[in-house]
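I have placed the structure first, in the form of structure tokens, so that the comments after it can refer back to it.
Protein chains in written order, with the working numbering: chain A, 1 to 270; chain B, 271 to 574.
Quick look at the structure:
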């Protein structure tokens with residue numbers, strides 16, 4: 001598998017798409033604190049803009065990975081790997097590892113540029129401990145995106161179809177996360193205006209959609225299983241279940257990878 | 271001669287359609303094996319199975335003596351190179367980078383051989399030009415160079431001259447012959463361009479409907495397709511005596527039929543036979559090509 005990894009990294013180094021995406025990530029990382037400073041000066045801490053990449057990385061990876069690895073089908077080069085005697089498991093895992101490496105590189109470029117521009121303009125992070133925890137979890141989340149997209153890309157023989165499917169899947173996961181987040185964030189009480197003796201009176205009433213403790217746990221688990229759900233928590237600075245989030249990421253990574261390998265081993269290639 | 275590849279009752283089915291139906295085949299070491307068949311006969315399916323792109327539905331094959339069901343079959347594949355259907359090349363890389371990429375896939379420790387491979391396939395002067403800007407012939411040759419990157423003992427080429435211009439066809443043919451003669455690489459070439467195949471192959475396998483109809487060597491085929499005069503007579507024993515007297519080569523096919531491998535004067539032959547009380551009933555010139563041999567073998571009906 002080291003041969004396959006070496007080959008993938010060689011192609012990555014030669015890829016214009018990779019260089020352009022890396023440059024865009026770095027530029028976005030520099031722009032975010034700069035824009036915040038220009039708008040709000042130092043009233044906003046660096047922590048507030050640090051995790052914007054966590055929301056973007058899924059979209060970036062859906063496009064990049066489907067085009068980069070989809071070329072192995074469109075150009076037919078996946079045949080060279082198999083005809084050269086590599087097993088399907090090796091081919092799959094080598095592509096997954098390369099995808100994770102790519103995702104970490106994109107995140108790294110963003111983070112480094114955010115720090116380089118953000119620290120002088122907005123000051124250092126207010127809470128470095130939680131920030132580091134979230135940073136670790138966000139990188140794990142990026143790896144989960146790679147595992148999800150690799151299943152699709154390796155089991156779809158057409159580059160264009162896998163690109164569209166990856167983007168649609170990203171949007172579906174995004175929509176699901178926002179829905180779950182909205183349900184979780186629903187207030188327990190809400191103000192209700194009533195007309196009493198000709199006067200408008202505001203009264204706090206119980207929200208029937210407010211989740212009970214058991215239901216809330218299920219929704220929290222759903223939010224933690226969803227990479228966008230995790231990203232929302234990083235950007236909001238509301239990471240309260242770091243262990244559960246890490247376990248969810250590892251679980252999704254393991255399950256999708258196992259399913260992807262089983263499907264890829266059965267796939268008839270042309 | 272040892273067989274590098276053998277297929278034993280190989281089946282491949284797709285949703286009820288049998289692409290291969292119990293195919294048997296033997297590719298001898300050092301041969302240029304021409305796999306001949308119409309479109310849809312199962313040639314490409316067979317090549318996909320050999321390359322590990324698909325698994326047989328039932329039956330099996332051996333590659334370099336290793337069984338297809340063996341866990342080590344991928345080790346046997348390291349000794350082969352293949353160009354299946356279209357050349358498998360990264361279009362956004364140059365010719366040299368495509369070979370370097372394949373070197374890494376194969377674990378070749380140094381890029382020193384890249385120049386030599388490019389020279390071999392006459393792509394040394396392409397520089398940084400991306401493969402997407404290559405002609406079809408250049409892509410085909412680059413595909414062959416990539417297949418050669420691991421110094422294979424078996425090269426599998428699926429329709430290697432399909433879509434090439436006459437110059438490209440000649441260049442590909444010369445390259446195949448050179449590789450076979452100078453590097454002793456066994457070749458398995460599928461094609462339905464029979465005229466081209468007849469200039470290369472040392473062995474033939476005629477495949478139809480997913481089955482092997484016949485396997486012959488080029489010598490056997492040449493003998494079968496030899497130019498001759500097929501005659502019908504009342505007694506072939508008398509014919510044999512007369513032809514022996516005339517010192518003419520012949521082959522008796524049945525009681526009344528024989529092939530004469532010469533151009534005798536018919537009136538003289540007829541007169542000589544008449545003297546022995548044998549009648550010449552008919553005489554027909556036969557000059558069978560690979561094409562007509564194939565058509566006679568599998569029938570002329572179209573499948574496309």
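Heads up, the beta-carbon is just placed ideally off N, CA and C, and yes, glycines get one too.
In the DSSP annotation of this structure, residue 55 of chain A is not part of any beta strand (DSSP E); the continuous alpha helix (DSSP H) holding it starts and ends at 52-74. Here the stretch 438-457 of chain B makes contact with the stretch 405-420 of chain B; the two share three or more CB pairs at distances below 8 Å. Beta-bridge partners assigned by DSSP to residue 503 of chain B: B/550. Residues of the stretch 365-379 of chain B that bring their beta carbon within less than 7 Å of a beta carbon in chain A comprise 367, 370, 371, 372, 374, 375, 376, 377, in sequence order.
Flagged as an interface residue toward chain B: residue 3 of chain A, by a C-beta distance shorter than 8 Å. Legend: CB atoms of the stretch 80-91 of chain A lying less than 8 Å from CB atoms of chain B belong to residues 80, 81, 82, 83, 84, 85, 86, 87. If you check each beta-carbon in the stretch 397-421 of chain B against every beta-carbon of chain A, the ones closer than 7 Å belong to 416, 420.
Interface with chain A (8 Å Cβ-Cβ cutoff): residue 358 of chain B is included.
Against chain A, the beta carbon of residue 322 of chain B has neighbours under 7 Å at 82, 83, listed in chain order. Using a Cβ distance threshold of 8 Å, residue 274 of chain B and residue 313 of chain B do not count as a contacting pair.
The closest CA to that of residue 161 of chain A, considering only A/16, A/71, A/45, A/27, is found on A/71. The three-state secondary structure of residue 29 of chain A, taken from DSSP, is helix. With a beta-carbon spacing of about 13 Å, residue 247 of chain A and residue 220 of chain A fall beyond the 8 Å limit used to define contacts. Any Cβ of chain B closer than 8 Å to the Cβ of residue 236 of chain A would place that residue at the interface, and such an atom is absent.
Neighbours of residue 254 of chain A in chain B, taken as residues at a C-beta separation under 8 Å, are lacking, since the least C-beta distance is about 24 Å.
A Cβ of chain B is located within less than 8 Å of the beta carbon of residue 7 of chain A.
Near chain B, meaning a CB-to-CB distance below 9 Å, no residue of the stretch 197-209 of chain A qualifies. Contact between residue 499 of chain B and residue 533 of chain B holds, with the beta-carbon distance rounding to 7 Å and staying under 8 Å. In the displayed model, residue 355 of chain B falls within coil according to three-state DSSP, outside both helix and strand.
Taking a Cβ-Cβ threshold of 8 Å, the residues of chain B close to residue 11 of chain A are 360, 363, 371, in chain order.
Rounded to the nearest whole angstrom, the C-alpha separation of residue 2 of chain A and residue 94 of chain A is 8 Å. Scanning chain B for C-beta atoms nearer than 7 Å to the C-beta of residue 76 of chain A yields 356, 358, reported in chain order. With contacts defined as CB atoms closer than 8 Å, residue 306 of chain B and residue 447 of chain B fail to qualify as a contacting pair. Cα atoms of residue 461 of chain B and residue 475 of chain B: separation of roughly 11 Å, rounded to the nearest angstrom. Going by DSSP, residue 90 of chain A is part of no beta strand (DSSP E) but of the alpha helix (DSSP H) stretching over 88-122. In the structure shown, residue 276 of chain B falls within a strand segment according to DSSP collapsed to helix, strand and coil. Along the length of the stretch 345-423 of chain B, whole beta strand (DSSP E) runs at least 3 residues long occupy 350-353, reported in chain order. Identification of chain B residues near residue 268 of chain A by a Cβ-Cβ cut-off of 7 Å yields 324, ordered along the chain. Beta bridge pairing from DSSP links residue 143 of chain A with no other residue. Interface criterion met: the Cβ of residue 350 of chain B is under 8 Å from a Cβ in chain A. Of the candidates A/76, A/97, A/92, the residue whose Cα lies closest to the Cα of residue 359 of chain B is A/76. Leaving aside the five residues that flank residue 259 of chain A on each side, the residues in its chain whose CB is nearer than 7 Å to its CB run, in chain order, 151. Contact annotation: residue 146 of chain A and residue 250 of chain A have beta-carbon atoms that are not nearer than 8 Å. Using a CB distance below 7 Å, no part of the stretch 209-224 of chain A faces chain B. The beta carbons of residue 328 of chain B and residue 480 of chain B sit no closer together than 8 Å.
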